[in-house]
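Novice:
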Amino acid sequence: MTLIYQSTRNAQNQVTASQAILHGLASDGGLFTPMNLPEVELNFNQLKDSSYQEVAKLVLSAFLDDFTESELDACIAKAYDSKFDTPKIAPLVKLGDQYNLELFHGSTIAFKDMALSILPHLLTTSAKKQGIDNKIVILTATSGDTGKAAMAGFADVPGTEIIVFYPKGGVSKIQELQMTTQKGSNTHVVAIEGNFDDAQTDVKRMFNDEELRQKLLDKKMQLSSANSMNIGRLVPQIVYYVYAYAQLIKAGDIQNGEKINVTVPTGNFGNILAAYYAKEIGVPIAKLICASNENKVLTDFFATKVYDKKRDFKVTSSPSMDILVSSNLERLIFHLLGNDAVKTKTLMDCLAEKGEYQLEPVRPEILDLFEAGFATEEETSAEIKRVYDMSAYIEDPHTAVASAVYHAYKKESGDETPVVIASTASPYKFPRVAVSAVGGQDVEDDFKAVEELHHLSGVAVPKAVDGLETAEVRHKTVVATADMQQAVEDYLGV
Ligand SMILES: *Cc1c(COP(=O)(O)O)cnc(C)c1O
Numbered sequence: 112m113t114l115i116y117q118s119t120r121n122a123q124n125q126v127t128a129s130q131a132i133l134h135g136l137a138s139d140g141g142l143f144t145p146m147n148l149p150e151v152e153l154n155f156n157q158l159k160d161s162s163y164q165e166v167a168k169l170v171l172s173a174f175l176d177d178f179t180e181s182e183l184d185a186c187i188a189k190a191y192d193s194k195f196d197t198p199k200i201a202p203l204v205k206l207g208d209q210y211n212l213e214l215f216h217g218s219t220i221a222f223k224d225m226a227l228s229i230l231p232h233l234l235t236t237s238a239k240k241q242g243i244d245n246k247i248v249i250l251t252a253t254s255g256d257t258g259k260a261a262m263a264g265f266a267d268v269p270g271t272e273i274i275v276f277y278p279k280g281g282v283s284k285i286q287e288l289q290m291t292t293q294k295g296s297n298t299h300v301v302a303i304e305g306n307f308d309d310a311q312t313d314v315k316r317m318f319n320d321e322e323l324r325q326k327l328l329d330k331k332m333q334l335s336s337a338n339s340m341n342i343g344r345l346v347p348q349i350v351y352y353v354y355a356y357a358q359l360i361k362a363g364d365i366q367n368g369e370k371i372n373v374t375v376p377t378g379n380f381g382n383i384l385a386a387y388y389a390k391e392i393g394v395p396i397a398k399l400i401c402a403s404n405e406n407k408v409l410t411d412f413f414a415t416k417v418y419d420k421k422r423d424f425k426v427t428s429s430p431s432m433d434i435l436v437s438s439n440l441e442r443l444i445f446h447l448l449g450n451d452a453v454k455t456k457t458l459m460d461c462l463a464e465k466g467e468y469q470l471e472p473v474r475p476e477i478l479d480l481f482e483a484g485f486a487t488e489e490e491t492s493a494e495i496k497r498v499y500d501m502s503a504y505i506e507d508p509h510t511a512v513a514s515a516v517y518h519a520y521k522k523e524s525g526d527e528t529p530v531v532i533a534s535t536a537s538p539y540k541f542p543r544v545a546v547s548a549v550g551g552q553d554v555e556d557d558f559k560a561v562e563e564l565h566h567l568s569g570v571a572v573p574k575a576v577d578g579l580e581t582a583e584v585r586h587k588t589v590v591a592t593a594d595m596q597q598a599v600e601d602y603l604g605v
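Using the working numbering, the first residue of the sequence shown is number 112, and each one after it goes up by one.
What follows is the structure, given as structure tokens:
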């Protein structure tokens, strides 16, 4: 049986997994979403001794069921190799009463590497399967981490071109340098005078621009997306929740079958949605705790069932979560509405036109799985300090948001269920925040902060940061939001 991926906005728009990956976004503006979840046999007594790659094979072959076994083997082997600085790929670290699932051991030291190291291979394999020989052009809006991780994945991959947009002033110095020094003749980086939502909105618009599509086709090119709207990003993220559960059993920290909670620092809702799918295929997860920073649109949504983006956008110390329109929530809404594309489209149109929508009372068996909370800048900084004082371990600000929200939840609810915290970035990506939280000093220079962080934590400086200070800046373009399409056409010569 082949799984059907359907657009969240049009019931007629149904495709297979490889078609969904190739197109990225549905042409009606919706997101391709699995209509039914596959049966996966999760035998944790066996899985506890499986490698990350073996768990990946199990999950990917269930969700991407029109790929052959050898196609998936090839993609997995190319993705999860020595680019990661540990053979465990996603190690689990016990810190007091929590388990941090470190998702930052890939080439760009953020969790986006977990999916973006495999997406280029899934995408080029999908194109081959569909008999497409157009050049695949990846357009990506980034709040800081996706852009670099996508370029690291796609750089010099034959038959692809990648253009990344990031908000000027909305990312850390290290994040910016990671992007602007990117090598590869097929990579392009553009800073925009706007915020992440501006960038993401215009990228989505370009995907649905019929005239642009035709212009590109005339030159044998087509667009695809490396954003977490692409199902090829989402599915590989399910893997590490299965793997984490198996590792907890292996370490003797839980019994097979015992429930765990999962807390996820959330922006575009991709990572936590993957955790939801992991639960649905049988990982014993009790609560999915959605953690936000001061851009707490999701906290308010879960409390009131009103999604309201009409509010000030805040630039925080956890920039990858500075998001007001959380794209992947649309997939959860679709499931909450009983996979009803008409109803989902009505809400999304309402969001676009009025800046808000109200969810009708729906499927509590799904909604009640979620808890939500937010951490202020002060709470985030205090949490970094608390964890450091307890265990000499330094969390990055995104992880600290999750860790702070979890402890507030635990205190309020008395819920003692063991918890896995998705640890989404290395503190070396945000060294000034970490150093200021732990030591109280404001280090002006990112690279001095890197040294200080090394001194404080004793953790080796990752390759991704070492040498960055002196690397050649190759990308210097800055444009107004209104000129994003022009930049794309210029790069592609259309
Ligand atoms: C992207 C990102 C997030 C948010 O993940 P979503 O899947 O968009 O919710 C959190 N932390 C870091 C470090 C990220 O890069």
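Note that CB positions come from ideal geometry on N, CA and C, so glycine has one too.
So what does DSSP say about Tyr388, is it helix, strand or coil?
Specialist: On the sequence shown, residue 388 is found 277 positions in, with the first residue counted as 1. If DSSP states are grouped into helix, strand and coil, Tyr388 belongs with the helices.
Novice: For Lys407, is the beta carbon positioned less than 7 Å from some heavy atom of ligand 1?
Specialist: Residue numbering aside, residue 407 sits at position 296 when the sequence shown is read from its first letter. Not so, every heavy atom of ligand 1 lies at least 7 Å from the Cβ.
Novice: Whole-angstrom Cβ separation of Ile243 and Ala261, contact assumed at under 8 Å?
Specialist: Residue mapping note: residue 243 aligns to position 132 of the sequence shown, counting from 1. Residue mapping note: residue 261 aligns to position 150 of the sequence shown, counting from 1. Not quite, the Cβ-Cβ distance comes to about 20 Å (not below 8 Å), so this is no contact.
Novice: Indicate the three-state DSSP secondary structure (helix, strand or coil) for Asp419 in the structure shown.
Specialist: Sequence index remark: in the sequence shown, residue 419 carries index 308 (1-based). Of the three classes helix, strand and coil, the one that applies to Asp419 here is strand, per DSSP.
Novice: Compare the C-alpha of Ile365 against each of Ala337, Phe424, Gln209 and name the closest.
Specialist: As a working note, residue 365 is residue 254 in the sequence shown. Cα-wise, what sits closest to Ile365 is Gln209.
Novice: Going by Cα to Cα distance, which pick from Thr528, Thr427, Leu458 is closest to Glu369?
Specialist: For this step, residue 369 is matched to residue 258 along the sequence shown. Looking at the Cα atoms, Thr528 is the closest of the given residues.
Novice: From the DSSP output, which residues share a beta bridge with Asn121?
Specialist: Here residue 121 is taken as the residue at index 10 of the sequence shown, counted from 1. Answer is Ser118, bridged to Asn121.
Novice: Which same chain residues, not among the five before or five after Met340, have their C-beta less than 6 Å away from its C-beta?
Specialist: Translated into the one-based positions of the sequence shown, residue 340 becomes position 229. Within the same chain, Met340 has close Cβ partners Leu136, Leu142, Ser438.
Novice: Going along the chain, which unbroken runs of the alpha helix (DSSP H) with 4 or more residues stay wholly within the region 442-477?
Specialist: Listed in chain order, they are 452-465.
Novice: Which term fits Met459, buried or exposed, when burial requires 16 or more other beta carbons within 10 angstroms of its beta carbon?
Specialist: Position 348 of the sequence shown, counted from the first residue, corresponds to residue 459. So Met459 counts as buried.
Novice: Using a Cβ-based criterion (distance less than 7 Å to any ligand heavy atom), does Ala402 qualify as near ligand 1?
Specialist: As a working note, residue 402 is residue 291 in the sequence shown. No, since every heavy atom of ligand 1 falls outside the 7 Å radius drawn around the Cβ of Ala402.
Novice: Looking at Asp433: is its Cβ nearer than 8 Å to the Cβ of Phe307?
Specialist: One-based indexing of the sequence shown puts residue 433 at position 322. One-based indexing of the sequence shown puts residue 307 at position 196. Yes; because the gap between Cβ atoms is below 8 Å, this pair is in contact.
Novice: Where do the N-terminal and C-terminal ends of the alpha helix (DSSP H) with Val516 fall, by residue?
Specialist: By one-based count along the sequence shown, residue 516 stands at place 405. Note, Val516: alpha helix (DSSP H), 508-524.
Novice: Excluding the 5 residues flanking Ala606 on each side, which residues of the same chain have their C-beta closer than 8 Å to its C-beta?
Specialist: Because the chain spans 112 through 605 in this model, residue 606 falls outside it and cannot be assessed.
Novice: Based on the DSSP output, what are the partners of Pro278 in its beta bridges?
Specialist: Against the sequence shown, residue 278 aligns to sequence position 167. Pro278 pairs with Ile303.
Novice: For Glu213, which residues in the same chain have their Cβ closer than 7 Å to its Cβ, ignoring the five residues on either side in sequence?
Specialist: Looking up residue 213 in the sequence shown gives position 102. Answer for Glu213: Ala201, Pro202, Val204, Ser534, listed in chain order.
Novice: Would DSSP call Leu288 helix, strand or coil?
Specialist: Numbered from its first residue, the sequence shown carries residue 288 at position 177. Looking at Leu288 - three-state DSSP - the assignment turns out to be helix.
Novice: Report buried or exposed for Met225, applying the criterion of at least 16 other Cβ atoms within 10 angstroms of its Cβ.
Specialist: One-based indexing of the sequence shown puts residue 225 at position 114. Counting Cβ neighbours within 10 Å, Met225 comes out buried, since at least 16 surround it.
Novice: Which value, in whole angstroms, describes the spacing of the CA atoms of Met595 and Ala402?
Specialist: Taking the first residue of the sequence shown as position 1, residue 595 is located at position 484. Taking the first residue of the sequence shown as position 1, residue 402 is located at position 291. Those two C-alpha atoms are separated by around 31 Å.
Novice: Evaluate contact between the region 281-288 and the region 574-587, counting only Cβ atoms and requiring at least three cross-stretch pairs below 8 Å.
Specialist: Verdict: yes, contact present.
Novice: Please classify Asn415 as buried or exposed, where buried requires at least 16 neighbouring CB atoms within 10 angstroms.
Specialist: The residue given as residue 415 occupies position 304 in the sequence shown. Here residue 415 is Thr; the residue named in the question, Asn, does not match the sequence. Exposed, because fewer than 16 other Cβ atoms sit within 10 Å of the Cβ of Thr415.
Novice: Could you pull the DSSP bridge partners for Val104 from this structure?
Specialist: As shown, the chain starts at 112 and ends at 605. That puts residue 104 outside it, with no answer to give.
Novice: Does the beta carbon of Pro376 fall short of 7 Å from some heavy atom of ligand 1?
Specialist: Counted from its first residue, the sequence shown places residue 376 at position 265. Because some heavy atom of ligand 1 lies under 7 Å away, the Cβ of Pro376 counts as near it: yes.
Novice: Measure the Cβ-Cβ separation of Leu234 and Gly343 and say whether it is below 8 Å.
Specialist: One-based indexing of the sequence shown puts residue 234 at position 123. One-based indexing of the sequence shown puts residue 343 at position 232. Against a cut-off of 8 Å, the Cβ pair of Gly343 and Leu234 comes out as a contact.
Novice: With 16 other CB atoms within 10 Å as the buried threshold, where does Lys522 fall?
Specialist: Looking up residue 522 in the sequence shown gives position 411. Exposed, since its Cβ has fewer than 16 Cβ neighbours within 10 Å.
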